[in-house]
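Taking it in order: structure first as structure tokens, then the write-up.
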Amino acid sequence: MNALETFGLGVRYGQSWAVRDCTLSIEEGHVVALVGSNGAGKTTLLHCAVGLTEATCGTISVLGDLRAGSDEALARVAFVAQDTPLYRHLTVTEMVEVAANLNRSFDLPFATARLRQLDIPAKRRVGKLSGGQQAQLALTLALARHPDLVILDEPLARLDPVARHDVMALVLSMAAEEGISVIFSSHVVSELERVADYLVLMAHGSLQLTGPIDEILASHTVLAGPADDADRVATQCSVVHVEQAARRVQLLVRHDQSVDIPPGWEASPPSLDELVLAYLRDPSVVGRSGPLALAATRAGGTLR
Numbered sequence: 239m240n241a242l243e244t245f246g247l248g249v250r251y252g253q254s255w256a257v258r259d260c261t262l263s264i265e266e267g268h269v270v271a272l273v274g275s276n277g278a279g280k281t282t283l284l285h286c287a288v289g290l291t292e293a294t295c296g297t298i299s300v301l302g303d304l305r306a307g308s309d310e311a312l313a314r315v316a317f318v319a320q321d322t323p324l325y326r327h328l329t330v331t332e333m334v335e336v337a338a339n340l341n342r343s344f345d346l347p348f349a350t351a352r353l354r355q356l357d358i359p360a361k362r363r364v365g366k367l368s369g370g371q372q373a374q375l376a377l378t379l380a381l382a383r384h385p386d387l388v389i390l391d392e393p394l395a396r397l398d399p400v401a402r403h404d405v406m407a408l409v410l411s412m413a414a415e416e417g418i419s420v421i422f423s424s425h426v427v428s429e430l431e432r433v434a435d436y437l438v439l440m441a442h443g444s445l446q447l448t449g450p451i452d453e454i455l456a457s458h459t460v461l462a463g464p465a466d467d468a469d470r471v472a473t474q475c476s477v478v479h480v481e482q483a484a485r486r487v488q489l490l491v492r493h494d495q496s497v498d499i500p501p502g503w504e505a506s507p508p509s510l511d512e513l514v515l516a517y518l519r520d521p522s523v524v525g526r527s528g529p530l531a532l533a534a535t536r537a538g539g540t541l542r
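Per my numbering: the sequence shown = residues 239 to 542.
Next comes the structure, spelled out in structure tokens:
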């Protein structure tokens with residue numbers, strides 16, 4: 239069963255496409271990192287998955303063949319938005335009671351125990367909580383429903399490093415223990431390799447790179463060697479990104495088979511952080527190879 243599936247999905251606002259020609263299939267059980275620059279279409283895609291945004295064209299379904307946004311889907315999907323929408327005038331206790339009354343499967347002991355562990359004052363009004371405390375409250379209410387799919391839009395943005403670590407540790411433990419699927423968007427690239435096993439990278443409203451993270455990393459190599467030999471090496475590979483300094487050049491390349499290391503060059507595996515940043519810097523050169531790719535990436539490459 240697929241946790242999320244789209245086919246030709248598109249969302250247009252006026253003459254601009256927020257998401258375009260998005261075809262994606264993610265099996266259940268994955269912890270998915272959704273990454274892209276501002277305006278890449280991440281939030282629009284997530285809003286489509288929970289029925290907050292209607293598709294202009296194409297289809298989107300969750301948890302098999304459930305129509306995104308349907309009552310049956312919403313009963314099994316938990317969503318935490320970036321702005322953590324909560325009733326600010328209610329106390330924490332009252333907010334928990336509202337969530338419990340709206341969701342038959344709500345785990346009140348779990349929610350109460352976690353909020354107590356986080357030392358979030360039960361009698362304080364939600365609007366008086368810090369941004370991080372509000373994010374923790376929203377996440378607690380979502381997880382207390384024991385959903386089959388959790389969708390998080392920038393859940394870490396308002397949290398300090400310790401809180402980010404604790405939040406993702408909780409999500410991962412529930413994913414492992416209860417078999418839930420998780421899709422989260424994040425700008426905190428350094429967190430991805432520790433928590434996610436599947437990557438969806440978007441650029442300009444379209445999918446740029448998708449797949450299991452271990453497979454993606456295995457299909458990329460960092461080559462470092464003399465700059466005057468770069469054009470020849472580039473003819474043998476698909477160049478994603480170039481970094482050049484004086485007489486040395488570093489190429490991030492994508493390949494289907496193992497790469498033959500040219501004489502005088504060194505090869506090393508990229509980190510996920512390195513790979514994601516390279517794609518974010520050069521979204522237009524994916525799939526090019528040879529001197530054309532070098533010319534394009536040199537224009538936007540980082541000089542050390």
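Where is the CB? At the ideal position from N, CA and C, for every residue including glycine.
These numbers were taken from a predicted model, which means no experiment stands behind them.
task = Specify the secondary structure class of His458 as computed by DSSP and reduced to three states.
result = strand
request  = Counting only the same chain and skipping the five closest in sequence on each side, list residues whose C-beta sits under 6 Å from that of Trp503.
outcome  = Leu461 and Gly463
request  = Scan the region 370 to 432 and note each continuous beta strand (DSSP E) run of 3 residues or more that stays entirely inside, going in chain order.
outcome  = 387 to 391 and 419 to 423
message = Could you check whether Val420 and Val318 sit closer than 8 Å to each other, using their CB atoms as the reference points?
response = no
ask   = How would you write the range of the alpha helix (DSSP H) that Ala338 sits in, first residue to last?
value = Val330 to Leu340
Nearest-angstrom Cα separation, counted from Ser275 out to Gln446 = 12 Å
query = So, are the CB atoms of Leu381 and Ala468 less than 8 Å apart?
reply = no
message = Using only the alpha-carbon positions, how far apart do Glu266 and Val426 sit?
response = 24 Å
message = With H, G and I counted as helix, E and B as strand and the rest as coil, what does DSSP make of Arg486?
response = strand
request  = Find the nearest neighbour of Arg485 within the set Ile454, Asp466 and Asp259, judged by alpha-carbon distance.
outcome  = Asp466
inquiry  = Between Arg383, Val478, Cys295 and Val288, which has its C-alpha nearest Tyr251's C-alpha?
reply    = Cys295
key: Local Cβ density within 10 Å of Tyr325, reported as buried at 16 or more and exposed below that   = exposed
ask   = Between the Cα of Ile451 and the Cα atoms of Glu416, Ile264 and Ser368, which residue gives the shortest distance?
value = Ile264
key: Buried versus exposed call for Ser423 [16 or more other C-beta atoms within 10 Å across all chains shown]   = buried
query = In its own chain, which residues sit with a C-beta less than 7 Å from the C-beta of Gly417, not counting the 5 before and 5 after it?
reply = Gly267
key: Contact under 8 Å by Cβ, Pro508 with Leu490   = yes
query = Cα separation between Pro500 and Val471?
reply = 7 Å
query = Quick one: Cα of Ala360 to Cα of Met333, how far?
reply = 10 Å
inquiry  = Does the structure place the region 301 to 311 close enough to the region 282 to 289 that three or more beta carbon pairs sit under 8 Å?
reply    = yes
Beta-bridge pairing of Leu445 - partner residues as DSSP gives them = Met440
ask   = So, helix, strand or coil for Ala256, using DSSP?
value = strand
Rounded straight-line distance, which links the Cα of Gly246 to that of Asp259 = 4 Å
query = In whole angstroms, what separates the C-alpha of Pro529 from that of Glu453?
reply = Residue placement at Pro529 is poorly supported in this model, since its pLDDT is 42, which falls under 50; the coordinates still yield a value, given next. Taking the straight line joining both Cα atoms gives about 26 Å.
request  = Ignore the nearest five residues each way along the sequence and tell me which others in Arg488's own chain have a CB closer than 8 Å to its CB.
outcome  = Position check: residue 488 holds Gln in this sequence, whereas Arg was assumed. Same-chain partners within the cutoff: Val460, Leu461, Ala462, Val480, Glu481 and Gln482.
request  = Tell whether a beta-carbon distance below 8 Å holds between Gly279 and Ala293.
outcome  = no
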